[in-house]
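Quick notes on the structure that follows.
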Amino acid sequence: MSHKAILTACLLCLSIAGPALAPLPLAPQARIVIALALVSAVCWTLEPVSIEITALCLLFALPLLDVASFESTFMAFAKPAVWLVFAGMVISQLITETNLGTRLTGIVIGRLRRPSLFILDLSLIGLLLAILIPSGVVRVLIVLPILISLINSLGEKPKSPVSAAIILSVVCATYYGGTGILTASVPNLVIMGVLEDTGHPVFWAEWALYVFPVIGLVRVLVGAGLILLIFRPVFKTPPTDASVEAPIGRREIQALILLLGGVLAWSTDAFHQIHPVMVGLGLSILCLFPGIGPLTTKDLQKVNYPILIYIGSVFALGEAFVSSGASSHLASGLSGWLLLDQTDPFAQLSAITYAVTPFNLLVDTAVVGGILTPPLVEVGVASGLTPLQVGLSVAVAAGMVFLPYQGAPFMIAYAYGYVSMRQFAIVMILICVVNLVLLVPLNLLYWRSIGLI
């Protein structure tokens, strides 16, 4: 038996025994759903079986163990995020199934410079996408085909240091940097809704002022530096053959118009109030519609449908956490354990961020924001904090994901097969460690300097 198999077996045993034996006032269903979450996390990370099989097992186990009904479990597939992923995968074929991807790759290669500057450029592009496009899933699905075309043009193999550096620089930047943009992260929007319910609305520019400089921009720069340090990419001589200058025809023009139209619609949703998933589905129809889009219904066969099973299972697990009472027990336990009295705001807000972060390992970060923010706001206000201070601290914590299964954009990028799970984990864990050790205190110092605390 390999070391990985032994480690997997040990972690699975702990994942089952821990919730079962924990001296906590939890109902049996709550213990079961926590165990299922831990087992799923282990399997999604170490992959003793494929990610999709683990997801199917989870969907099977939830109703089988009476944690949730069959209907409520599979109602997760009606979530807008699931269909947004589907739409994004269809739209991304505008790049892969036409010469548009090759031409865009040629433009990128034409700007290829020193590795350090190029990785920095890619990271800033990822951050810019977070500002322009609200959905992290859509951002990844649009940019990944271009990056993969670039990797192939450079003659790099999947999971090579250069391949990993190129993809991780954009994906990490667009995800982690998105915490600093109110509209770029689902947990941000959930927390915004909680704050509005307490009578303390927060606006886009206000969020950017408080969160973007350190948790957004500085964290992206730190991520770029870590990627360069870990992979030390050395680019081969860019190709100069005619494939880079692929011809632009009617199909490419159609694809470009539809792609730019989608980006414009997603980036202006605050004005037209059309949900991103409706924009995505409408655009998908146009992509496939005869005479309008360059794709055909045969292209639907190339969609990575198994990843939708994973996305649905994550939402089903989150719903089970709520319905079983596990989330409320954990939230009340955290608020009761967290002592915020007789300390200054710096220490109070640090405690909130550090206490919330481990919950990201159990359920989707949006669930973390929605479940933990209300009780923490109540405890924080009683200790002299404002709802805004507490909400922003929870957002900083919810923006820290250590492993790909914790964020759908990472899992979608992983599904392309150009970055290994080990490469993802190393970079993500290091970014979060630096975030916890250096950037959280630095961000609190920044808040103090501008008068938030």
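Sequential numbering from -17 applies to the sequence shown in this note's numbering. Using N, Cα and C, we set each Cβ at its ideal position, and we do this for glycine too.
Measuring CB to CB, does residue i end up less than 9 Å from residue j?
| i | j | result |
| --- | --- | --- |
| T27 | L385 | yes |
| I73 | P288 | no |
| V409 | A112 | no |
| S312 | F271 | Note that residue 312 is Leu in the sequence shown here, rather than Ser. Not in contact: L312 and F271 (Cβ atoms no closer than 9 Å). |
| L177 | G373 | yes |
| S375 | T335 | yes |
| G399 | P140 | yes |
| I163 | W186 | yes |
| C154 | G207 | no |
| S117 | G181 | no |
| L106 | V202 | yes |
| T442 | E234 | Nothing can be reported for residue 442: it is not among the residues displayed for the chain, which extend from -17 to 435. |
| V304 | P62 | no |
| I14 | L41 | no |
| I411 | L126 | no |
Considering only C-alpha positions, which residue in the set the options is nearest to residue i?
| i | options | result |
| --- | --- | --- |
| L129 | S151, L109 and L110 | S151 |
| T156 | L171, L123, S142 and E178 | L123 |
| P423 | A37, T165, I35 and V200 | V200 |
| P143 | L427, Y428 and Q405 | Q405 |
| A407 | V383, Y398, V419 and Y428 | V383 |
| G50 | A302, Y336 and L343 | Note on identity: in this sequence residue 50 is Ala, with Gly being the wrong assignment. The candidate whose alpha carbon is nearest that of A50 is A302. |
| G244 | C39, L8, L66 and E79 | L66 |
| I438 | Y396, L265 and F253 | Outside the shown range of the chain (-17 to 435) lies residue 438, about which nothing can therefore be said. |
| V119 | I432, G262 and G362 | G262 |
| R430 | Q371, L420 and M403 | Q371 |
| A(-13) | E29, E79, P7 and L126 | E29 |
| Q388 | P97, G300, L211 and G175 | G300 |
| L82 | A379, L242, V401 and S306 | L242 |
| V21 | F42, L44 and S(-3) | S(-3) |
| G362 | V419, V24, I435 and I267 | I435 |
| T339 | Q283, P276, L76 and V415 | V415 |
| P391 | E234, Q11, V168 and D281 | V168 |
| G315 | G0, V24, A37 and P7 | P7 |
| N417 | A190, G381 and N286 | G381 |
| L246 | R121, P357, I432 and V184 | R121 |
| R232 | L277, A60 and C25 | L277 |
| A43 | F68, P62, I16 and A63 | I16 |
| I413 | A60, L38 and G205 | G205 |
Check your understanding: Is the region -12 to 4 touching the region 343 to 351, taking contact as three or more C-beta pairs under 8 Å?
Key -> Because the criterion of three Cβ pairs below 8 Å is not met, the region -12 to 4 and the region 343 to 351 do not touch.
Review point. Does the count of Cβ pairs from the region 358 to 376 and the region 327 to 336 closer than 8 Å reach three?
Key: Yes: the two stretches touch, three or more of their Cβ pairs being nearer than 8 Å.
Review point. Is the region 193 to 207 close to the region 132 to 141, with three or more CB pairs under 8 Å?
Key: Under the 8 Å Cβ criterion, the region 193 to 207 does not count as touching the region 132 to 141, having fewer than three qualifying pairs.
Check your understanding: Any chance the region 293 to 300 sits against the region 43 to 60, with 3 or more Cβ pairs inside 8 Å?
Key -> With the cut-off at 8 Å, the region 293 to 300 and the region 43 to 60 touch.
Practice item. Please specify which runs of the alpha helix (DSSP H), each continuous and at least 4 residues long, are wholly inside the region 14 to 60, giving them in chain order. Key: The qualifying runs are 33 to 46 and 52 to 56.
**Study point:** Residue ranges of each alpha helix (DSSP H) within the region 56 to 143, 4 or longer
**Key:** Here the runs fully enclosed are 62 to 78, 82 to 92, 97 to 114 and 118 to 135.
Check your understanding: Which runs of the alpha helix (DSSP H), 4 residues or longer, sit entirely within the region 362 to 415?
Key -> As far as the region 362 to 415 is concerned, its whole alpha helix (DSSP H) runs of at least 4 residues are 369 to 380 and 390 to 397.
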